[in-house]
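Chemist: Have a look at this one before I ask anything.
In our numbering, the protein residues as written are 2 to 264.
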């Protein structure tokens, strides 16, 4: 079975890890300059590094659609710069999974493949895709919806360790993100984590930097640029999150249910 995953950020990569381990051949597509902050667990890292690994699952950057198919057939996840998803028409996959979490549908159709699955709000199962997987933290996280949509976006980050919006580091203005820290660094409340155009970015709590844009990344005011995990466990920076793992299980369930199984 060949599946194309739109997006290669941390949630998409958690889905990819589960599908790869179940025997699905995978091609992931992304933009030419990905802005995923949880880079250590995102296959989009292959776009600029040429390769990436998450929990001993390996991905390699592909030059074009044909190269992506060759890599996927070899048992490695292929990562292809293809923002529009043009390779879908070329490769005719068995499944398409829209894992970009864009909160609205930008070009995903139920006719894209025999099985089309989308993550989170902005898609209607039965119209845009065959199934939607719930991405909201809580009782229904990972639930497969075959008629209707996921819960609407609240605009508020999920609760981790008793913190929500306080966890997120945002750019204070337009400019270039400057930092000397890296993912896995321990920070304290009030500590300067980065700066943009001379304006400091402070951590609002004690914890570990679970996500962080690379030094030198262009940013816009208010752009999500980092994530402080108050639990302070550095190993969590290197493994798929509980949320991504649950969503990946939902995608696998939907794929099995809608395709009749993985040969």
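Built from N, CA and C at the ideal position, the CB exists for glycine as well.
Since this is a predicted model, take the numbers as computed values, not measurements.
With respect to the beta strand (DSSP E) encompassing residue 120, which residues constitute its N-terminal and C-terminal limits?
Modeler: Start and end: 116-120.
Chemist: Can you give, in chain order, each stretch of the beta strand (DSSP E) that sits fully within the region 14-100 and has at least 3 residues?
Modeler: Runs of the beta strand (DSSP E) inside the region 14-100: 26-31, 52-55, 58-62, 78-82, 96-99.
Chemist: So what does DSSP say about residue 124, is it helix, strand or coil?
Modeler: In this structure, residue 124 counts as coil in the three-state DSSP scheme.
Chemist: Going by the beta-carbon positions, is the gap between residue 216 and residue 165 smaller than 8 Å?
Modeler: It is not a contact, given that the beta carbons lie outside the stated cut-off.
Chemist: Considering only residues of the same chain and omitting the five flanking positions on each side of residue 208, which have a CB-CB separation below 6 Å?
Modeler: Here the set comprises 229, 230, 231, 233.
Chemist: What do you get for residue 7, buried or exposed, if any count of 16 or more other CB atoms within 10 angstroms of its CB means buried?
Modeler: Buried, because 16 or more other Cβ atoms sit within 10 Å of the Cβ of residue 7.
Chemist: Please report the residue range of the beta strand (DSSP E) in which residue 6 lies.
Modeler: Residues 3-7.
Chemist: Any contact between the region 62-72 and the region 15-22? By contact I mean 3 or more CB pairs, one from each, below 8 Å.
Modeler: The region 62-72 is not in contact with the region 15-22.
Chemist: Taking just the CA atoms, how far does residue 132 sit from residue 4?
Modeler: Cα to Cα, residue 4 sits roughly 15 Å from residue 132.
Chemist: If distances are taken between C-alpha atoms only, which option among 104, 97, 102, 175 comes closest to residue 110?
Modeler: Selected option, being the one with the closest Cα: 97.
Chemist: Just verifying my parser: in three-state terms, what is the DSSP assignment at residue 184?
Modeler: In this structure, residue 184 counts as coil in the three-state DSSP scheme.
Chemist: Starting from residue 230, follow the alpha helix (DSSP H) in both directions and report where the run begins and ends.
Modeler: No alpha helix (DSSP H) holds residue 230; the beta strand (DSSP E) holding it covers 225-230.
Chemist: Kindly list the residues whose CB is nearer than 6 Å to the CB of residue 123, restricted to its own chain and excluding five residues on each side of it in sequence; keep chain order.
Modeler: Contacts found: 104, 105, 106.
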